[in-house]
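Enquirer:
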Amino acid sequence: MNTIPLSSLLYVVTLIAGEYMFLYRMPRREHFMPRLLVYFLAYPAACYGLGWFAVFVNGAITSDLVRNLFQIAYFAVIFFLSVPAVLFCWRVSVREAVFCCIAGYSVEHISNVFATVLMFVFSQAGVTMPTAVRMVAISLVLKFAVIVAMFLLFVRRSERPDMPTSDNRVMAVSAINLIICMVLNIMKMYGMGEPVNSFTTSIICSAYALFGCSLCLWLQLGWGRENRLKEDNLALEQLLAQEAKKNELSRSTIDMINIKCHDLKYSLRRLESGSREENREVIKSIYDSFAIYDSLVKTGSEVFDLLIMNVWPMCRANGISFTYIVDGAALSGLRTADVSSLFGNLIDNAVEAEMREERDRRMISLNVRRERSMLVVHMHNYCSVQPEFSDGLPVTTKADRRYHGFGVRSVRYLVRKYGGELRMTWSDGMFETDIVLPLP
Numbered sequence: 000m001n002t003i004p005l006s007s008l009l010y011v012v013t014l015i016a017g018e019y020m021f022l023y024r025m026p027r028r029e030h031f032m033p034r035l036l037v038y039f040l041a042y043p044a045a046c047y048g049l050g051w052f053a054v055f056v057n058g059a060i061t062s063d064l065v066r067n068l069f070q071i072a073y074f075a076v077i078f079f080l081s082v083p084a085v086l087f088c089w090r091v092s093v094r095e096a097v098f099c100c101i102a103g104y105s106v107e108h109i110s111n112v113f114a115t116v117l118m119f120v121f122s123q124a125g126v127t128m129p130t131a132v133r134m135v136a137i138s139l140v141l142k143f144a145v146i147v148a149m150f151l152l153f154v155r156r157s158e159r160p161d162m163p164t165s166d167n168r169v170m171a172v173s174a175i176n177l178i179i180c181m182v183l184n185i186m187k188m189y190g191m192g193e194p195v196n197s198f199t200t201s202i203i204c205s206a207y208a209l210f211g212c213s214l215c216l217w218l219q220l221g222w223g224r225e226n227r228l229k230e231d232n233l234a235l236e237q238l239l240a241q242e243a244k245k246n247e248l249s250r251s252t253i254d255m256i257n258i259k260c261h262d263l264k265y266s267l268r269r270l271e272s273g274s275r276e277e278n279r280e281v282i283k284s285i286y287d288s289f290a291i292y293d294s295l296v297k298t299g300s301e302v303f304d305l306l307i308m309n310v311w312p313m314c315r316a317n318g319i320s321f322t323y324i325v326d327g328a329a330l331s332g333l334r335t336a337d338v339s340s341l342f343g344n345l346i347d348n349a350v351e352a353e354m355r356e357e358r359d360r361r362m363i364s365l366n367v368r369r370e371r372s373m374l375v376v377h378m379h380n381y382c383s384v385q386p387e388f389s390d391g392l393p394v395t396t397k398a399d400r401r402y403h404g405f406g407v408r409s410v411r412y413l414v415r416k417y418g419g420e421l422r423m424t425w426s427d428g429m430f431e432t433d434i435v436l437p438l439p
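When we follow numbering that gives the first Met the number 0, the leftmost residue of the sequence shown carries the number 0, and every step to the right adds one.
Written out as structure tokens, the structure is:
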């Protein structure tokens, strides 16, 4: 019985299970369930068909080495085909898809080692069974038992699997481990050009698979948690910096209120001593003072409205034109604190940038809307000097960079928290920020 098609099918099924461990809480594309059904049915079926193609090619190859290399290449192709399959169902970046697929491969490899060891124990105990039963009923059940155990121990406790895909160390270690596993599989099948004892190579390769893949998973998840701790510390530092900015805004607002109170006192004195015509002008000026706040459009989000109320006096006092079109209902899927931090940082950074511009060029525009199942944010403001960018974010212009620049990093942290995408660009004197977040 030729086992290549069946082996490839079992490999794909367990690979999907391993990958799903890291994908099940990732943001999903529209019509996810039909897409997932296509993924679960079409991908294994296509790989099973490729298995029969591999049988045909194997029959035409006379060299054992070439045949074994072809089989490894065949299983590698099946693995890499899972990357576009993941992108088809989940709204993730290519790096995140590769990360999940490599992590899923490590899980599949570990489960395969345990299943192989247990099958060896069965054979030594004199248990015999047909090949199909051994491969499907026993091996598959054992693999899934190991995968479920790993999921319960390492992944389920996390709200969302940590994916440090921006860390090149993680991607490099993962890729190297994947290559080494494939090379050792070649050794296991054929050896380094000479036939070697199959039992010895099986022990060596199985031991490495268990150690290497476990270490790879530990590094992937460990570095992910390390990055999350750094982001948490960054968020705490940002809260302190934001609190200082709020105090500054509050002082500015209080100064503005004091000025208005002084103006009102002066206006009341004029009302007491002025003529009817003068009184009309005074009353009109009083109404105009209140109209500043009455003109603020309610967005439907109390948090966002409070942000606007806080920043509006500063914008008006410094000649900054701030226009906004905001669908407050679209923000209901975000935590209140996250809305405050995200838009508070965006607006604060824009106001700070406009303060460096000529007074007649000070302009900020913000648009927040819902498009199907996505929250789309676009913001632009004048910026005559091209900013320096590092890792996709503008670098702070302040002298002490240890305690500044938290704003944009906090924005990126929050966007990633919700599985979204952030892009900041500068072109022709205009700084633009675009954010896309999946909504529940």
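A virtual CB, placed ideally from N, CA and C, is assigned to each residue, including glycine.
I'd like the span of the beta strand (DSSP E) that includes TYR381, first residue to last.
Expert: 373-381 is the extent of the beta strand (DSSP E) around TYR381.
Enquirer: How would you label THR322, buried or exposed, when you count the other beta carbons within 10 angstroms and need 16 or more for buried?
Expert: Exposed, by the Cβ-count rule.
Enquirer: Closer than 8 Å by C-beta to VAL12: which residues in its own chain qualify, once you throw out the five before and the five after it? Chain order, please.
Expert: Once the five neighbours on either side are set aside, the close Cβ partners of VAL12 are PRO43, LEU139.
Enquirer: When the cut-off is 8 Å and only beta carbons count, does LEU141 lie next to chain D?
Expert: Protein chains in the displayed structure number just one, and chain D is not present.
Enquirer: Roughly how many angstroms lie between the CA atoms of GLY318 and SER409, to the nearest whole one?
Expert: Going by the C-alpha atoms only, they are around 27 Å apart.
Enquirer: Find out if the Cβ-Cβ distance for the pair GLY418, PRO26 is shorter than 8 Å.
Expert: Yes, they are a contact pair.
Enquirer: By DSSP, does MET423 sit in helix, in strand, or in coil?
Expert: Strand.
Enquirer: Can you give me the C-alpha to C-alpha distance between ASN57 and ASN176, rounded to a whole angstrom?
Expert: Distance between the alpha carbons of ASN57 and ASN176: 27 Å.
Enquirer: Look at the Cβ atom of LEU216, then the Cβ atom of SER105, and state whether they are nearer than 8 Å.
Expert: Yes, the Cβ-Cβ distance between LEU216 and SER105 is below 8 Å.
Enquirer: Name the two residues that bound the continuous alpha helix (DSSP H) containing PRO26.
Expert: From DSSP, PRO26 is part of no alpha helix (DSSP H); its letter is neither H nor E.
Enquirer: Specify the secondary structure class of TYR323 as computed by DSSP and reduced to three states.
Expert: Three-state result, TYR323: strand.
Enquirer: If you check the beta carbons only, do VAL414 and ILE434 fall under 8 Å apart?
Expert: Contact flag set, yes.
Enquirer: Kindly indicate the opening and closing residues of the beta strand (DSSP E) around ASP390.
Expert: Note, ASP390: premise wrong, no beta strand (DSSP E); not H, not E.
Enquirer: Does the beta-carbon of SER213, which I'm using as the reference point, lie nearer than 7 Å to any heavy atom of the ligand SAM?
Expert: As for the ligand SAM, it is missing from this structure, which has no ligand bound.
Enquirer: If you reduce the DSSP assignment to three classes, tell me which class SER105 lands in.
Expert: It is helical.
Enquirer: Using the Cα positions of ILE101 and TYR10, report the straight-line distance between them to the nearest angstrom.
Expert: ILE101 and TYR10: Cα-Cα distance of roughly 14 Å.
Enquirer: Mapping the DSSP letters down to three states, classify VAL195 as helix, strand or coil.
Expert: Summary for VAL195: the model assigns pLDDT 46, below 50, so the residue's position carries little reliability, and this model does not support an answer.
Enquirer: Could you check if THR395 is buried or exposed, using at least 16 other CB atoms within 10 Å of its CB as the buried criterion?
Expert: Per the 10 Å Cβ criterion, buried.
Enquirer: Can you name the start and end residues of the alpha helix (DSSP H) that MET354 belongs to?
Expert: Taken as a continuous stretch (DSSP letters only), MET354 belongs to no alpha helix (DSSP H), as it is neither H nor E.
Enquirer: What are the residues that DSSP puts in a beta bridge with ARG312?
Expert: According to the sequence as given, residue 312 is Pro; it is not Arg. Per DSSP, none; premise fails for PRO312.
Enquirer: Is VAL85 near LEU22, with beta carbons less than 8 Å apart?
Expert: Yes, the Cβ-Cβ distance between VAL85 and LEU22 is below 8 Å.
Enquirer: Straight-line CA distance for THR61 to PHE69?
Expert: Those two C-alpha atoms are separated by around 12 Å.
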